[in-house]
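Okay, so here's the structure we're looking at.
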Amino acid sequence: MSLSIGIVGLPNVGKSTLFEALTKKQVDKSNYPFCTIEPNVGVVAVSDERVDKLAALTKSVKKIYAMVEFVDIAGLVEGANKGEGLGNQFLARIREVDAVLYVLRGFLNEKIITVRNEINPLKEKEILDTELALKDLDMIEKRMVGLEKEIRARKKEAIKEKEILTKAKVLLEQGKILAEQSFNNEEKEILKNYQFLTLKPRLIPRSVWLWVWFRIRLWMS
């Protein structure tokens with residue numbers, strides 16, 4: 084089974100461009116928000132010197148590398164957790180992947196439409212974190228209702244589950260990402276059953292223009 088990585092970001096930040104660069108697969112990159120509705124999917128073989136050496140030693144003609152599946156997910160906007168911009172559909176796509184790769188707009192190009200009137204990758208990261216966290220909170224609150232019924236029915240495991248979810252809820256309300264917090268093995272086992280969006284590993288690449296942008300901000304401050 085291949086590792087699945089979802090490419091996530093606001094509309095028109097370069098998600099599909101990155102997807103093409105990673106997969107060598109051509110997709111529509113029209114200059115308007117929500118150009119991508121259905122996710123683009125591409126699978127890439129990960130070169131590994133160990134596989135090459137083993138193939139040479141065994142004189143094997145066939146080499147089987149690890150595979151990574153990249154999923155180009157449609158752009159998220161503020162309010163996605165409430166359904167804004169087909170948000171529920173797009174957030175559901177994120178739940179299906181193993182990890183998320185944030186794409187933050189750090190390039191200056193007036194010809195490319197932006198859904199926000201500024202280039203601010205830090206704010207974009209904040210929006211993405213918030214939308215994922217709010218969706219996780221919504222799931223926890225709905226599950227709590229069911230747990231209360233189970234506790235009244237004297238199901239002991241429900242008490243422990245409620246304690247763990249309460250801990251996660253408090254962390255999320257404090258603006259923290261679950262993947263960056265410490266949990267013991269029992270807590271991890273319970274939490275992984277929910278496929279929380281903020282519990283997935285995150286990757287945040289940077290472009291040259293993003294680096295330039297930070298340098299300009301530092302110089303102006």
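First residue of the sequence shown: 84, per the numbering used here; consecutive thereafter. Glycine is no exception: its CB is placed at the ideal position from the N, C-alpha and C atoms.
Nearest C-alpha to residue 212 among 154, 142, 254, 147: 254. For residue 184, the CB contacts under 6 Å within the same chain, skipping 5 residues up- and downstream, are 88, 90, 286 in chain order. Spanning the alpha carbons of residue 247 and residue 207 requires a straight line of approximately 30 Å. By the neighbour-count criterion, in which a residue is buried when 16 or more other Cβ atoms sit within 10 angstroms of its Cβ, residue 188 is buried. Restricted to the region 252 to 289, not a single beta strand (DSSP E) segment is unbroken, complete and at least 3 residues in length. By the beta-carbon neighbour count (other beta carbons within 10 angstroms, threshold 16), residue 242 is exposed.
If you ignore the 5 residues before and after residue 146, its C-beta comes within less than 8 Å of the C-beta of 134, 135, 138, all in its own chain and listed in chain order.
Note that the C-beta distance between residue 123 and residue 108 is below 9 Å. Annotated three-state conformation of residue 214 is helix, per DSSP.
Here residue 262 is not near residue 249, since their CB atoms are 9 Å or more apart.
Here DSSP, grouped into helix, strand and coil, assigns residue 97 to coil. Between residue 105 and residue 181, the C-beta gap is not smaller than 9 Å, which leaves the two residues out of contact.
Taking a contact as a CB-CB distance under 8 Å, the pair residue 155 and residue 218 does not count as one, their CB atoms being some 20 Å apart.
Ranking 159, 174, 230, 221 by CA distance to the CA of residue 283 puts 174 first.
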